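Quick note, the sequence shown lines up with residues 171 to 236 if you use my numbering.
Every residue gets a Cβ at the ideal spot worked out from N, C-alpha and C, and that includes glycine.
Note that the coordinates shown come from a computational prediction; the quantities given were computed from them, not determined experimentally.
Below is one structure, written out as structure tokens; comments come after it.
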Amino acid sequence: MIIDKLLKLVAFHEISNHLTLKGSFCLEQCSKGGVSIRIGDDLLTGVKCEDLPELFEAKILPMVRR
Numbered sequence: 171m172i173i174d175k176l177l178k179l180v181a182f183h184e185i186s187n188h189l190t191l192k193g194s195f196c197l198e199q200c201s202k203g204g205v206s207i208r209i210g211d212d213l214l215t216g217v218k219c220e221d222l223p224e225l226f227e228a229k230i231l232p233m234v235r236r
């Protein structure tokens, strides 16, 4: 499950004090399939578990390290 994988990545990088994870229902993108994730102002749709490590490195870690 995506939220579980995200929680593991957050714990591994020890950044839980720097972000908030919240569950939501499809962010008005239900017809696009897959999971939708909002990171800051960006809305990513069709996210799969196998996409998370690269997405985390590219989108989440840079925001936390600012």
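Beta-bridge analysis with DSSP links Ile209 to Asp212. By alpha-carbon distance to Ile209, the top candidate from Ala181, Ser186, Thr190 and Asp221 is Thr190.
The C-beta of Val205 has 16 or more other C-beta atoms within 10 Å across all chains shown, which makes the residue buried. Around the beta carbon of Leu231, fewer than 16 other beta carbons lie within 10 angstroms, which makes this residue exposed. Shortest Cα-Cα distance from Leu213 to any of Glu224, Arg235, Glu227 and Leu197 involves Leu197.
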